[in-house]
Amino acid sequence: MEEQHRKPHSLPDTVTDRAERYGGTAAAEDVVGPMHGHLVREERNVLPLIDCYCTNEEWSSVGEHGLPRLTPTRVPLVFGMMPRAATEDQRAVLAGNIPDDVFSQMVQVAPGALNACERTLYGFDGSERPG
């Protein structure tokens with residue numbers, strides 16, 4: 011999983027470079043496969059372990075660890091993905107550890123940011139996902 015985390019962090023730079031050379035579709039295909047595979051494995055293998063073995067304190071430290079590593083444009087995407095990946099309890103713990111003003115802004119901005127990203131990559135957003 012560590013190697014899988016390193017690769018997605020370098021993909022946006024790779025995609026930007028490839029998009030300039032080969033066009034957006036080829037570049038997006040290079041990102042979507044690895045990212046989707048990683049997220050599926052993480053949701054299937056890691057999130058259940060978090061539910062079983064991590065305390066609320068440990069789970070809340072996830073934000074302290076990960077958020078500083080995100081670029082400002084990626085923060086809304088992560089917040090937009092949270093409702094899809096985290097359980098209600100996990101979201102509550104994270105919300106309890108994020109300043110209220112930041113959390114309220116993210117709740118408003120994040121879904122639109124994620125939908126815009128998905129429309130760019132897939133041609134539709136999560137609310138329009140086919141069948």
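Per this note's numbering: the sequence shown = residues 11 to 141.
Virtual Cβ for every residue (Gly too), placed ideally from N, Cα, C.
At the C-beta level, R101 and M92 come within 8 Å of one another. Boundaries of the alpha helix (DSSP H) harbouring T130: D110 to Y132, taken from the DSSP string.
Taking the C-beta atoms as reference points, G76 is found no nearer than 8 Å to A123.
For V56, the closest C-alpha among the options P82, G43 and T97 is that of T97.
According to the DSSP assignment, R101 belongs to the alpha helix (DSSP H) that extends over E98 to G106.
G90: member of the alpha helix (DSSP H) spanning V85 to A95, first to last residue. If you ignore the 5 residues before and after C127, its C-beta comes within less than 7 Å of the C-beta of L87, all in its own chain and listed in chain order.
For the set N66, G43, G47 and G136, the Cα lying nearest the Cα of R94 is the one of G136. Exposed is the label assigned to V112, since fewer than 16 other Cβ atoms lie within 10 Å of its Cβ. Per DSSP, reduced to three states, the secondary structure at L57 is helical.
With at least 16 other beta carbons inside 10 angstroms of its own, V103 counts as buried.
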